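Peer 1: Top line first, the protein sequences correspond to chains Z and V. The opening residue of the first sequence carries number 79 in the working numbering; numbering runs sequentially from there. The opening residue of the second sequence carries number 10 in the working numbering; numbering runs sequentially from there. Idealized CB from N, CA, C, for every residue including glycine. All values reported here derive from a predicted model rather than from experimental measurement.
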Amino acid sequence: MPRIRTSYLVASSLAFFLLVFLVIPVGKVIYVAFQDSSTGALTLINFVDFFKTSLFRESFINSLYVAGMSVLFASIIAMPLAYFTTRFNFGGSIIIQTLGIVPLIMPPFVGAVAMQLLFGSNGSVNLLLDKWFGLNIPFMEGLNGVILVESIHYFPFILINLSAALNNIDRSMEEAAQNLGSTGMRLFRRIVLPLAMPGYLAGASLVFLKAFDDLGTPLLLNVNNMLATQAYLRISSIGISDPMGYVISVILVIFSLFSLWVSMLASRGKDYSGGGKGSSGLLKRDMRGWEKAGAYCLIIFLLVLVLSPHISLLLLSFGTIWSYSVLPDAFTTAHYVEVFSTTREYITNTLLYAGIAASFDVAIGVAISYVVLRTGVIGRRWLDYVATGALAVPGVVLGIGYLRTFNDFNVPFIGKPLASWWVIIVIALTIRRLPYALRACTAALHQVSITLEEAAENLGAGKTATVRKIIVPLMAGGIVAGFVTSFATATVELSATLMLVTAESDAPLAYGIYVFMQSAAGRGPGAALGLIAVVVVALGSYLAHHFIERNKRLQVNSTGQ
Amino acid sequence: MSLAIKVKPVRLKIEDVHISFGKTKVLQGIDLDIEPGEFFAFLGPSGSGKSTLLRAIAGFGPEPQGRILIDGIDILSLPPWKRDVGMVFQNYALWPHLTVQKNVAFGLEERSVPKKESKDRVLEALDMVGLTHLAGRHPSQLSGGQQQRVALARTIVIRPRLLLLDEPLSNLDANLRVQMRTDILKLQRKLGLTTIFVTHDQEEANTISDRMAVLDKGIIQQIGSPMELYDNPANPFVAHFLGTTNMIEGEVITKENKPVLRAGQDVELPLHMKVTGSRGAIVFRPQSVKVNPEEQDSASMCIRGTVKSREFLGATVRYGVQIGDVTVLADEAHQRGKRIYDELEQVRLVIPQKQIIFIPEA
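(1) Candidates Z:Tyr448, Z:Gly189, Z:Gly540, Z:Ala622: which alpha carbon is nearest Thr295 of chain Z's?
(2) Below 8 angstroms between beta carbons: does that hold for Phe51 of chain V and Leu62 of chain V?
(3) Chain V beta carbons: is any one of them nearer than 8 angstroms to that of Ile20 of chain Z?
(4) Give the DSSP-derived three-state secondary structure of Met304 of chain Z in the structure shown.
(5) Measure the alpha-carbon distance for Ile368 of chain V versus Asp40 of chain V and round it to whole angstroms.
(6) From the DSSP output, which residues share a beta bridge with Phe206 of chain V?
(7) For Asn112 of chain V versus Pro169 of chain V, is the C-beta distance shorter than 8 angstroms?
(8) By the 10 Å Cβ neighbour count, where 16 or more other Cβ atoms means buried, how is Asn300 of chain Z classified, buried or exposed?
(9) Use the C-beta contact count for His388 of chain Z: other C-beta atoms within 10 angstroms, 16 or more gives buried, fewer gives exposed.
(10) Can you find the residues in the same chain that come closer than 6 angstroms, C-beta to C-beta, to Val328 of chain Z, ignoring five residues on each side of it along the sequence?
(11) Helix or strand or just coil, what does DSSP make of Val261 of chain V?
(12) Counting only beta-carbon separations shorter than 8 angstroms, does Gly352 of chain Z have a partner in chain V?
(13) Which full runs of the beta strand (DSSP E) of 3+ residues lie inside the stretch 249–324 of chain V, going along the chain?
(14) Who are the near neighbours of Ser55 of chain V in its chain, counting only those whose CB is closer than 8 angstroms to its CB and skipping five residues on each side?
(15) Taking only beta-carbon atoms, is Ile368 of chain V less than 8 angstroms away from chain Z?
(16) Could you check what DSSP says for Gln175 of chain Z in three-state terms: helix, strand or coil?
(17) Does Pro186 of chain Z pass the burial test, meaning 16 or more other C-beta atoms within 10 Å, or should it be called exposed?
(18) Indicate whether Tyr374 of chain Z and Gly170 of chain Z have their beta-carbon atoms separated by less than 8 angstroms.
(19) State yes or no: is the beta carbon of Asn167 of chain Z nearer than 8 angstroms to at least one beta carbon in chain V?
(20) Name the two residues that bound the continuous alpha helix (DSSP H) containing Ser29 of chain V.
(21) Measure the Cβ-Cβ separation of Ala152 of chain Z and Ser229 of chain Z and say whether it is below 8 angstroms.
(22) Kindly say whether Glu423 of chain Z, judged by its beta-carbon, lies nearer than 8 angstroms to any beta-carbon of chain V.
(23) So, are the CB atoms of Val187 of chain V and Leu117 of chain V less than 8 angstroms apart?
(24) Inspect the beta-carbon positions of Thr191 of chain V and Met96 of chain V and report whether they are closer than 8 angstroms.
(25) In whole angstroms, what separates the C-alpha of Gln194 of chain Z from that of Val227 of chain Z?
(26) Between which two residues does the beta strand (DSSP E) containing Glu341 of chain V stretch?
(27) Put Met221 of chain V into one of helix, strand or coil per three-state DSSP.
(28) Starting from Lys34 of chain V, trace the alpha helix (DSSP H) in both directions and tell me its first and last residue.
(29) Per DSSP, which one or two residues make a beta bridge with Asp83 of chain V?
(30) When the Cα atoms are used, what is the spatial distance from Arg64 of chain V to Arg249 of chain Z?
(31) Can you pull the chain V neighbours of Pro272 of chain Z, defined as C-beta to C-beta under 7 angstroms?
(32) Can you pull the chain V neighbours of Asp248 of chain Z, defined as C-beta to C-beta under 8 angstroms?
(33) Identify the contact partners of Arg120 of chain V in chain Z, using a Cβ-Cβ distance below 7 angstroms as the criterion.
(34) Quick one: measure Cβ to Cβ for Gly46 of chain V and Gly201 of chain V, integer angstroms, because I've assumed they're closer than 8 angstroms.
(35) Within the 8 angstroms Cβ cut-off, does Ala254 of chain Z reach chain V?
(36) Give a yes or no on whether the minimum CB-CB distance between Ile28 of chain V and chain Z is below 8 angstroms.
Written as structure tokens, this is what we have:
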């Protein structure tokens, strides 16, 4: 049976790729963490050392604190917004939807430095507060800065999940409670809140994960006593044999796995959406005059807050000197000219790396989803699990794993270790963004009815012809969406890249932003690079959305549902 | 105090109720008087407004104009949670995060019923629907029929003044539906609750209700007991909606001082009943039509036609017989060895006069 042999061949090549570039490096990191650095024996001594060192204890607590507080503040921002859109007939819903997307198109580290100029102790806001009220609020002092930046950027995860959960609650759930005599806050507490809880938890655990893992933001804000930064600093300053970096990596992976597990448990196990026939969403009512005024005030305040990283980045990129003043002294395009004339390779490298990585991602995504959904290969689900598991591997950890695993592997003809060849950056990006592409491809393939394939086979098309002529064209929308999502997010990936860049000529845009932002003089060009990245990501996100929507319409037409 | 102890059943009056969704009028001029303890059905096709009317009684949907009175007191100003009318939702609306026991106890908790009493009443309600053994389960672990019973228990446990059932059987499979409707009727008789049942299925309404209102396009077409409506439909819609029917429309003319219905070119049928208006229709059921009977009394209508179609339905054979421009359906009870008529065969149809009713054109 040649067909079976082909599917096993494809499945085993996929397994090999995942094994070499995901399982082994991560396994290596975990193994080294449990290994005595001098004797090589298995031990827990490294973990004991970790918790004995006050700096690491502090970093551990700081990371937990930052992640927890980010969840808290993100919830404070997201909850009223979700409530307004789902409970009222509210004209501002479009603003809220925009609010839910805009922060996601810029990773937090890009705007971090610019935020300091706006909210720092000598930033615009504090200068004004001082002038008007004699106040100085430490928005950006130490951990506060990380919390502010993370919660502003990641609250959409809660907003999107919570709104979806609220919208999925069947209206009859609420009506049945009213019919039995319940109303107001009691009804909210006893029925609505528990039903929306899974959605909230799914979002909150993602915020926790993102804030806990983030390397770029604390690095740029010069907050070094956190776990991800410590891992990076240990490896980059002491070297890849220092066990502490590995111990931290294991802790990061454990917490990532834990929050992903919570998120999956929350969103999978409890699908509370109604049985179809009832109308979904809560009972909506019109807002009274003062309610509307209050809601708009709050939304506009949040809009300004959420846009502040973008605004400050824009000001910084066009400003000449911006220091101890509310606004930059004057405006110029010099930074953009500088970026395009001297450091064009950052941009070209990024387009190249992200382009290759995203292409690989969709190719692998199509292959895995096909093997999982359409063949009988034994153990095929594991391809899906392992590839999706990449979500739980923080960039720092993957970077450390590659350094450790591939440092001794010399690439034939190139004459240098794989770990310092630019291709390794592309592979890291591929692995890191594979879950996004895989999810898009799986969703697309799910929508292609198996009868469409059977019809093709019935009319004489072989497996290959069916895949080429029927499946891939029908999946096209999903594939493009997966490509664009992977591409856009790979453009601004920093944490793994930071570990793997060995020569500045090989470095991508995110790395360039990081390097520029290190010095006061480089902030202008850094901001310019950041803005370019934002434009690329925004464009990508828009295209992804466009293709997903178009694909939905196509599917609806072709299946007549 | 037990659930089964009959509280005094209430009378529900609906007076000139109008309901609109925005500019669309969904219900117009609804007048109803439902007797205490009556099992009443709202029957109609989808979009007829039957569910909207039921929901309005519970206090959901757009605010109605008119009056809805329980024992003479208008309840329209009350919010849903103060009305004490128990409703069973079409999709059951069981809360997935609460166990069966907690779902049923919900309404009692809202009424601050003491713990001990609440527990007893929940058990009693679950016992009535035969589900005491599933009290600890979550709704997702129950079958459709079991969910339906929990929804019923959750509603009756609060001893509502009225019981409203919104297409409660539509999500069940055929066998279960028959079983459930018997159970619901038994429960209703036991509790003596004034009950309203919404359905689009005439068989369901026929078997379960004391009286029913047939709705179409937001207007009550006719009110009465199932048999009254079947035998004496007030208009073509009711005639067609309640079972298969033959309807021959035409012009009423007078021939030899007697009224005759002229339907098309060659068909003229003498009318033996009181006739008003210049146009109208005669209506009779297929089972009232005899094909080539051996004897016929003088008070029967006799028509000749050609067999156009034949369907074997098991208990009956249904012939479609062409008479001029119209096709008349005739159901013959089937027995082994009975003479079967083939297509294009000429037959004589005989309909006893008292099985024919005349509906003047509105």
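Peer 2: Considering the structure as presented:
(1) Z:Gly189
(2) yes
(3) Residue 20 of chain Z lies beyond the residue range present for chain Z, which begins at 79 and ends at 639; the question has no answer from this structure.
(4) Taken through DSSP and simplified to helix, strand or coil, Met304 of chain Z comes out as coil.
(5) Rounded to whole angstroms, Ile368 of chain V to Asp40 of chain V spans 23 angstroms at the Cα level.
(6) V:Ala50, V:Leu174
(7) no
(8) exposed
(9) buried
(10) Contacts found: Ile108, Ala111.
(11) strand
(12) Here Gly352 of chain Z scores only 43 on pLDDT, less than 50, and its place in the model is too uncertain to base an answer on.
(13) 255–264, 267–271, 277–279, 288–293, 309–321
(14) His209
(15) no
(16) If DSSP states are grouped into helix, strand and coil, Gln175 of chain Z belongs with the helices.
(17) buried
(18) Yes. Within cutoff.
(19) It does not: the Cβ of Asn167 of chain Z has no partner Cβ on chain V nearer than 8 angstroms.
(20) First-last for Ser29 of chain V: 21–30, but that is the beta strand (DSSP E), not the alpha helix (DSSP H).
(21) yes
(22) no
(23) no
(24) Against a cut-off of 8 angstroms, the Cβ pair of Met96 of chain V and Thr191 of chain V comes out as no contact.
(25) 10 angstroms
(26) Unbroken beta strand (DSSP E) run through Glu341 of chain V: 335–342.
(27) strand
(28) Careful: Lys34 of chain V lies outside any alpha helix (DSSP H), inside the beta strand (DSSP E) at 33–43.
(29) V:Leu78
(30) Spanning the two alpha carbons is a distance of roughly 13 angstroms.
(31) Those within 7 angstroms of Pro272 of chain Z in chain V are His106.
(32) Asn100, Ala102
(33) Gly259
(34) 5 angstroms
(35) yes
(36) no
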